[in-house]
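In what follows, a structure is listed as structure tokens, so that the remarks can point back to it.
Residue numbers (our numbering): 1 to 72.
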């Protein structure tokens, strides 16, 4: 199964991705570091191709309540 992990190189994502791979899944660790920006959409279409599951572990780009609620 192909799984994309948004925030896949972050604190939680970097722990999740190897576990999923050990389970035999094809995993894309999506983050700006890997060329995928979910805010701008850059690289997202290519990363999502053939994906069956999306796991979102990304941080909000802001910690202000209003901005966080709008982001999620």
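C-beta atoms are modelled at their ideal positions from N, C-alpha and C, and glycine is treated no differently.
Inset, instruction - Tell whether a beta-carbon distance below 8 angstroms holds between residue 50 and residue 43. - result: Residue numbering aside, residue 50 sits at position 50 when the chain shown is read from its first letter. Residue numbering aside, residue 43 sits at position 43 when the chain shown is read from its first letter. No.
Inset, instruction - Can you say whether residue 13 is buried or exposed, counting buried as having 16 or more other CB atoms within 10 angstroms of its CB? - result: One-based indexing of the chain shown puts residue 13 at position 13. That one is buried.
Legend entry - Supposed close pair residue 30, residue 10 - CB separation, criterion 8 angstroms: Here residue 30 corresponds to residue number 30 of the chain shown, with the count starting at 1. Here residue 10 corresponds to residue number 10 of the chain shown, with the count starting at 1. Wrong, their Cβ atoms sit about 10 angstroms apart, outside the cutoff.
Legend entry - Buried or exposed (CB count within 10 angstroms, at least 16 for buried), residue 69: Here residue 69 refers to the residue found at position 69 of the chain shown. So residue 69 counts as exposed.
Legend entry - Where residue 6 falls, given that 16 or more other Cβ within 10 Å makes a residue buried: Here the question's residue 6 lines up with position 6 in the chain shown. Buried: at least 16 other Cβ atoms inside 10 Å.
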